[in-house]
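Taken in sequence, the protein lines are chains A and W. Going letter by letter, the first sequence gives residues 52 to 298 in this note's numbering. Going letter by letter, the second sequence gives residues 705 to 1069 in this note's numbering. Every residue gets a Cβ at the ideal spot worked out from N, C-alpha and C, and that includes glycine. Remarks on the structure that follows.
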Amino acid sequence: MNSSLYAGLYRRLHTPMVSLRRCISQTASANSAGKQFVHRDSKENNADVKFEFTPENYKRIEAILSMYPDGHKTAAMIPLLDLAQRQHGWLPIAAMHKVAEVLKVPRMRAYEVATFYTMFNREPMGKYHLQICTTTPCWLRDSDSILETIQKKLNIHVGDTTSDKLFTLSEVECLGACVNAPMVQINDDFYEDLTPKDMEEILDELKAGKRPKPGPRSGRFAAEPISGLSTLTTAPTGPGFGVRSDL
Amino acid sequence: MSFMSRPPDGRPKYLVVNADEGEPGTCKDREIMRHDPHKLIEGCLVAGRAMGACAAYIYIRGEFYNEASNLQISIREAYDAGFLGKNACGSGYAFDIYVHRGAGAYICGEETALIESLEGKQGKPRMKPPFPADVGVFGCPTTVNNVETIAVVPTICRRGGPWFASFGRERNSGTKLFCVSGHVNSPCTVEDEMSVPLKELIEKHAGGVIGGWDNLLAIIPGGSSVPLLPKSVCETVLMDFDALVSVQSGLGTAAVIVMNKQTDVVRAIARLIEFYKHESCGQCTPCREGVGWLSKIMNRFVTGNAKPDEIDMIFELSKQIEGHTICALGDAAAWPVQGLIRHFRPELERRMKEHESKKGAARAS
Chain A
52 MNSSLYAGLY
62 RRLHTPMVSL
72 RRCISQTASA
82 NSAGKQFVHR
92 DSKENNADVK
102 FEFTPENYKR
112 IEAILSMYPD
122 GHKTAAMIPL
132 LDLAQRQHGW
142 LPIAAMHKVA
152 EVLKVPRMRA
162 YEVATFYTMF
172 NREPMGKYHL
182 QICTTTPCWL
192 RDSDSILETI
202 QKKLNIHVGD
212 TTSDKLFTLS
222 EVECLGACVN
232 APMVQINDDF
242 YEDLTPKDME
252 EILDELKAGK
262 RPKPGPRSGR
272 FAAEPISGLS
282 TLTTAPTGPG
292 FGVRSDL
Chain W
705 MSFMSRPPDG
715 RPKYLVVNAD
725 EGEPGTCKDR
735 EIMRHDPHKL
745 IEGCLVAGRA
755 MGACAAYIYI
765 RGEFYNEASN
775 LQISIREAYD
785 AGFLGKNACG
795 SGYAFDIYVH
805 RGAGAYICGE
815 ETALIESLEG
825 KQGKPRMKPP
835 FPADVGVFGC
845 PTTVNNVETI
855 AVVPTICRRG
865 GPWFASFGRE
875 RNSGTKLFCV
885 SGHVNSPCTV
895 EDEMSVPLKE
905 LIEKHAGGVI
915 GGWDNLLAII
925 PGGSSVPLLP
935 KSVCETVLMD
945 FDALVSVQSG
955 LGTAAVIVMN
965 KQTDVVRAIA
975 RLIEFYKHES
985 CGQCTPCREG
995 VGWLSKIMNR
1005 FVTGNAKPDE
1015 IDMIFELSKQ
1025 IEGHTICALG
1035 DAAAWPVQGL
1045 IRHFRPELER
1055 RMKEHESKKG
1065 AARAS
């Protein structure tokens, strides 16, 4: 048969398909919250790169597995993937294979979970993961200027890592600290009640290798009104106060 | 609770505590878990014993690492003091509490999605029936309750049901943790009684609206999933279930998001719809496709790049999503849009006119 005809047909059939697929994949699940959904092998992230848990982490795995009843140990999938991510800094595909092996489930179960949840970072991350919340309650308190401060100071955009591999910037959805808006989460700590000046100080301290004090930067303790307590203004009542008479 | 007390068929029962606090505006459970965790632990024990559960799983969102650590330390303290374990409080009843951390998904705050996530799968909600009281976590009867609900149980038991019911109006009784955020002078989380007037809540605890009460534009009274209320309604509405339903909103999580007249309200709502688009699990078509579509249209409404009859189109679209999905995230995405159109249609049309005239001027020049 005429091979050039087949070659032409192949091109015409396949090229528009690829671009069509790019157009369709704008929906929520295919988007995977802004991150690339599919896995692409790279030098440091492919099935041949070995991943092994440390001996202490194997003890932790035993403790985690004991939380769930027999026959349902797959419930430990999220905790184990998180443990692997904490050990390695991010979650390579070899770690997903290891977790699937520990739980004795097909690898696809680990892939499903690792791609569904936003906290699993499947690409190398910087030492400090700056996660800024830009959902409406934080946006109302001007999280835009905090984001701008970070972008200007570190000279990166959302999704990038700095060239010294120190900071990765992500824009995330509501982090559950709305009365302390605007705020960022850096690794496991929340830095709240921020002004652009606070944000710059935090970044300077991190660059200097120190751990800035987490919590509200405005001087308040947690979520009380900054103008002073409006409730719970008297000493706490002791045990036995107001207990019903029939107890 | 009564669903779980049917004759046992040999399967163990579980209590699951929903500490996945993802609703924009809500930050009350984190206060309980990091600053008063023993209330929650005692509540788990009391509620679990009442329903005959053998263990409680506290599903806490992954971002709350420090809160989860605090909680785990308190659970260890409770075990060491003999309150939990094989012989809880010396009563002979065996009860365990475990903390399970999530990994960043708002949808896992929905009870069946939470159960799926607890079982180690993707957090995609299940169809109901079967309800969790029948088939829940690990296939066993399960009750899923919020942190605040469980944490208040020991206080109610200790001080009596009639005492708790003495707060608030009839059928809306008790106390509630309100999280006041947005354009107020002192954003805070406070516990006040139900049926407190919204204006009093903001002025007494949160220092009033920035710029004064007359500078108020709109308030979202119950977390991002309920329709917003314009200032005229906020003057007199009470913060309880019935009052807010009667003004076409809802109490939701009692997270009060205040917006003053300097806010771009269309942009605020568009950002919320973007939030729902990101957090949709993707299982059912009306939510996955519909909310994505809603988000695209809302983003065009921010600049006014739309025609006035698209307002009716987006309203109809939200009605097609609402009620036709597996879980309530579809409703949660549809309601803010409906609230915006109901109360701020003139603002939307004004932007469209402005955009049209700018386009016309650009064409003419």
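Only residues of its own chain outside the window of five on either side were considered, and among them Ala922 and His1047 have a CB closer than 7 Å to the CB of Pro934 (chain W), listed in chain order. Per the coordinates, the alpha-carbon of Leu905 (chain W) lies some 19 Å from the alpha-carbon of Ser950 (chain W).
Fully enclosed alpha helix (DSSP H) runs of no fewer than 4 residues occupy 128-139, 144-154, 158-167, 187-191 and 194-205 of the segment 127-212 of chain A, in order along the chain.
Under the three-state reduction of DSSP output, Ala114 (chain A) falls in the helix class. Residue ranges of uninterrupted alpha helix (DSSP H) with 4 or more members, entirely inside the segment 830-889 of chain W and ordered along the chain, are 851-863 and 865-869.
Within chain W, the residues Asn889, Ser890, Pro891, Cys892 and Gly911 have their CB atoms less than 9 Å from the CB of Ile277 (chain A), given in chain order. Neighbours of Asn770 (chain W) in chain A, taken as residues whose beta carbon is under 8 Å from its own, are Asp239, Asp240, Phe241 and Pro265 in chain order. The beta carbon of Thr185 (chain A) sits closer than 7 Å to those of Ser194, Leu198 and Glu222, all from its chain and outside the five residues before and after it, given in chain order.
Remark: C-beta atoms of Asn964 (chain W) and Leu818 (chain W) do not approach each other more closely than 9 Å. Residues of chain W with a Cβ closer than 9 Å to the Cβ of Val209 (chain A) do not exist, since the nearest Cβ in that chain sits about 13 Å away. Taking a Cβ-Cβ threshold of 8 Å, the residues of chain W close to Pro130 (chain A) are His804 and Arg805, in chain order. By DSSP's assignment, Val721 (chain W) forms a beta bridge with W:Ile762 and W:Asn849.
A Cβ-Cβ distance of about 10 Å is found for the pair Val857 (chain W) and Gly752 (chain W), leaving them out of contact under the 8 Å criterion. Neighbours of Pro188 (chain A) across chain W, judged by C-beta separation under 7 Å: Pro728, Gly729, Ser885, Gly886 and Ile961. Using beta-carbon distances, Gly140 (chain A) does not count as an interface residue toward chain W, since no partner is under 9 Å.
One finds Gly766, Gly806, Ala807, Gly808, Ala809, Cys812, Ser821, Gln826 and Gly827 in chain W with Cβ atoms closer than 9 Å to the Cβ of Tyr168 (chain A), taken in chain order. Pro834 (chain W) and Ala972 (chain W) have their C-alpha atoms spaced approximately 37 Å apart. Here His739 (chain W) is exposed, its C-beta having fewer than 16 other C-beta atoms within 10 Å.
Excluding five sequence positions before and after Val230 (chain A), the CB atoms of its chain that fall closer than 7 Å to its own CB belong to Ala274, given in chain order. Under the 10 Å beta carbon count, Glu815 (chain W) is surrounded by 16 or more other beta carbons and is classified as buried. Look at the beta carbons and you see the segment 97-106 of chain A touching the segment 144-157 of chain A: at least three pairs across the two are nearer than 8 Å.
The beta strand (DSSP E) runs lying completely inside the segment 731-815 of chain W and spanning 3 residues or more are 757-764 and 800-805, given in chain order. W:Gly756 is the residue among W:Cys731, W:Gly756, W:Gly726 and W:His1028 whose C-alpha sits nearest the C-alpha of Gly714 (chain W).
With a 10 Å radius around the Cβ and a threshold of 16 neighbouring Cβ atoms, Asp133 (chain A) comes out buried. Judged by DSSP in its simplified three-state form, Ser221 (chain A) adopts strand.
Across the structure, Ile764 (chain W) and Cys991 (chain W) are spaced so that their CA atoms are roughly 25 Å apart. For Leu881 (chain W), the closest of W:Glu907, W:Gly926 and W:Phe842 by C-alpha to C-alpha distance is W:Gly926.
Ser936 (chain W) is not a Cβ neighbour of Ala974 (chain W), given a cutoff of 9 Å.
Met118, Pro120 and His123: these are the residues of the segment 94-123 of chain A whose beta carbon lies less than 7 Å from some beta carbon of chain W, given in chain order. Between Asn770 (chain W) and Phe241 (chain A), the CB-CB gap stays under 9 Å.
A Cβ of chain W is located within less than 9 Å of the beta carbon of Gln236 (chain A). Setting aside the 5 residues that flank it on each side, Phe868 (chain W) is surrounded in the same chain by Ile860 and Gly878, each with a C-beta closer than 6 Å to its C-beta; the list follows chain order. Interface annotation for the segment 205-233 of chain A against chain W: Glu224, Cys225, Leu226, Gly227, Ala228, Cys229, Val230 and Ala232, criterion Cβ-Cβ distance under 7 Å. Nearest in C-alpha terms to Gly813 (chain W), of all of W:Asn849, W:Ile924, W:Gly794 and W:Asn1009, is W:Asn849. For Met943 (chain W), the three-state secondary structure derived from DSSP is strand.
Sequence-ordered contacts of the segment 143-172 of chain A with chain W read Glu163, Val164, Phe167, Tyr168, Thr169, Met170 and Phe171 [C-beta pairs closer than 7 Å].
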